[in-house]
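Peer 1:
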Amino acid sequence: MIDFWAEVKEAGLTPEIRDGLRKRYRMRGQKAVEAVESGRVEKYNDFFVVKGRDEDYIVEDDFCTCKDFTYRGRCCRHILAVRIATLTNQYTQKDAWYLDFLGENRQAR
1 MIDFWAEVKE AGLTPEIRDG LRKRYRMRGQ KAVEAVESGR VEKYNDFFVV KGRDEDYIVE
61 DDFCTCKDFT YRGRCCRHIL AVRIATLTNQ YTQKDAWYLD FLGENRQAR
């Protein structure tokens, strides 16, 4: 049997993969897919950003700055979105570093 994540990489976001993500991760899986498909995942040189409705969430490896991750300490929808986006190459590449990202966000306030 093929590993689920290997299937995601091989097949992309097919209807079967979307259903599998919903079954495994419920609403977190659904929202992760929505973030990827709506182009809200950005890859910087040293981390990822998932754009939310009200905030941007920094994701690096298995860490996220969202409240769900902070309080529960487990995989959140933003980490899932980055994993899906990475496997399917569906993210926007930004040629910038963390300090550049901070500067952009300070100017936006």
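Residue numbers for the sequence shown follow the UniProt record's numbering, so the first one is 1 and each next one is one higher. Backbone N, C-alpha and C define an ideal beta-carbon position, used for all residues, glycine too. Only a predicted model underlies this, so the values are computations on that prediction, with no experimental measurement involved.
1) Report buried or exposed for ALA81, applying the criterion of at least 16 other Cβ atoms within 10 angstroms of its Cβ.
2) Quick check: the Cα distance between VAL33 and TRP97, rounded to an integer number of angstroms?
3) Leaving out five residues on either side along the sequence, give the residues of the same chain with a beta carbon under 6 Å from the beta carbon of THR92.
4) Give me the DSSP bridge partner(s) of CYS64.
5) So that I know if they touch, is there some Cβ in chain D lying closer than 8 Å to that of ARG28?
Peer 2: To lay it out plainly:
1) The residue labelled residue 81 in the question sits at position 81 within the sequence shown. With 16 or more other Cβ atoms inside 10 Å of its own Cβ, ALA81 counts as buried.
2) Residue mapping note: residue 33 aligns to position 33 of the sequence shown, counting from 1. Residue mapping note: residue 97 aligns to position 97 of the sequence shown, counting from 1. Cα-Cα distance, rounded: 25 Å.
3) On the sequence shown, residue 92 is found 92 positions in, with the first residue counted as 1. Excluding positions up to five away in sequence, the list reads GLU42.
4) The residue you call residue 64 lines up with position 64 of the sequence shown. For CYS64, which the question treats as bridged, DSSP gives the partners VAL59.
5) Of the protein chains in this structure there is only one, and it is not chain D.
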